[in-house]
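Engineer: Numbering (the numbering used here), first residue to last: -18 to 169.
#1: Can you tell me the Cα-Cα spacing of residue 42 and residue 74, whole angstroms?
#2: How would you label residue 26, buried or exposed, when you count the other beta carbons within 10 angstroms and need 16 or more for buried?
#3: Can you tell me where the beta strand (DSSP E) holding residue 100 begins and where it ends?
#4: What is the DSSP secondary structure of residue 114, counted as helix, strand or coil?
#5: Quick one: grab the DSSP three-state call for residue 170.
#6: For residue 131, which residues does DSSP report across the bridge?
#7: Please report the distance separating the alpha-carbon of residue 35 from that of residue 154.
#8: Are the Cβ atoms of residue 149 and residue 59 separated by less than 8 angstroms?
#9: From this set, 37, 115, 162, which residue's C-alpha is nearest residue 138's C-alpha?
#10: What's the call for residue 50, buried or exposed, on a 16-neighbour Cβ count within 10 Å?
#11: Specify, as a first and last residue, the run of the alpha helix (DSSP H) that residue -9 falls within.
#12: Can you tell me the Cα-Cα spacing of residue 100 and residue 48, whole angstroms?
#13: Answer yes or no: do residue 15 and residue -8 have a C-beta to C-beta separation smaller than 8 angstroms?
#14: Within the same chain, show all residues whose beta-carbon is closer than 6 angstroms to that of residue 54, passing over the 5 residues directly before and after it, in chain order.
#15: Thinking C-beta only, is residue 107 closer than 8 angstroms to residue 128?
#16: Along the chain, where does the beta strand (DSSP E) containing residue 148 start, and where does it finish?
#17: Using the beta-carbon count (16 or more within 10 Å), is residue 97 buried or exposed?
#18: My parser needs the beta strand (DSSP E) runs of 3 or more residues fully inside the stretch 6 to 46; what are they?
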């Protein structure tokens, strides 16, 4: 199995390392040719504005959007969630606009407000997993066929719609592989 990790900015190597631990070939996506043989795509955390600009500068934006719309399993963590959302509550910019969610950027606060928690996410793991939130967004509204996977204090932090998974938190910054395994099941 080959899974692409968008490699323009952000937490790329952490996702690549998790995929390698699961015996998955990780392809760093930096140019259009890198998209050719992937079976899934991860949009990592980072700075959504910067990644959005770089997607257009590298001409990756339209090919990736087309792949997502044609059913490519895609997972956005943190900034990746913002890139996939149809609406951003506190930003006029829009990116892929492929998931029927409204998100709020930096919703849990600034860098200093970053935090960790442990929680059981029944669809993903029967055991508590560490959740790392860094200047994280959360989902304020879901529409149509969006399934809420997890919430913390009534704030939606994980959701799925068809071939798209989003998490506010960063599983790649922990030793736990359960969320990556869940995404790989979406590909299979």
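Built from N, CA and C at the ideal position, the CB exists for glycine as well. Computed from a predicted structure; not experimentally measured.
Structural biologist: Checking against the coordinates, here is how it stands:
#1: Counting from one through the chain shown, the residue named residue 42 turns up at place 61. Counting from one through the chain shown, the residue named residue 74 turns up at place 93. Going from the Cα of residue 42 to the Cα of residue 74 covers about 14 angstroms.
#2: Residue 26 sits at position 45 when you count from the first residue of the chain shown. Buried, by the Cβ-count rule.
#3: Position 119 of the chain shown, counting from 1, holds the residue named residue 100. Here the beta strand (DSSP E) through residue 100 covers 96 to 100.
#4: The count along the chain shown starts at 1 and reaches residue 114 at position 133. Three-state DSSP puts residue 114 in a strand.
#5: Residue 170 cannot be examined here, being either before or after the span of the chain that is shown, -18 to 169.
#6: As a working note, residue 131 is residue 150 in the chain shown. Beta-bridge pairing links residue 131 to 139.
#7: Counted from its first residue, the chain shown places residue 35 at position 54. Counted from its first residue, the chain shown places residue 154 at position 173. So the alpha carbons of these two residues sit roughly 23 angstroms apart.
#8: Along the chain shown, read from residue 1 onward, the residue named residue 149 stands at position 168. Along the chain shown, read from residue 1 onward, the residue named residue 59 stands at position 78. Taking 8 angstroms as the Cβ cut-off, residue 149 and residue 59 qualify as a contacting pair.
#9: Translated into positions along the chain shown, residue 138 becomes position 157. Per the Cα distances, 115.
#10: What you label residue 50 is simply residue 69 of the chain shown in a count that begins at 1. Label assigned to residue 50: exposed.
#11: Along the chain shown, one-based indexing puts residue -9 at 10. Here residue -9 belongs to no alpha helix (DSSP H), and DSSP marks it neither H nor E.
#12: Stepping through the chain shown from its first residue, residue 100 is reached at position 119. Stepping through the chain shown from its first residue, residue 48 is reached at position 67. Roughly 32 angstroms separates the two Cα atoms.
#13: Residue numbering aside, residue 15 sits at position 34 when the chain shown is read from its first letter. Residue numbering aside, residue -8 sits at position 11 when the chain shown is read from its first letter. Result no, Cβ atoms of residue 15 and residue -8 do not sit closer than 8 angstroms.
#14: Translated into positions along the chain shown, residue 54 becomes position 73. 21, 144, 167, 168.
#15: Numbered from 1 along the chain shown, position 147 holds the residue referred to as residue 128. Numbered from 1 along the chain shown, position 126 holds the residue referred to as residue 107. No; because the gap between Cβ atoms is not below 8 angstroms, this pair is not in contact.
#16: To locate residue 148, count along the chain shown from 1; it is residue 167. Segment 145 to 148, the beta strand (DSSP E) holding residue 148.
#17: Position 116 of the chain shown, counted from the start, is the residue given in the question as residue 97. Answer is exposed; the Cβ neighbour count stays below 16.
#18: 6 to 10, 21 to 24
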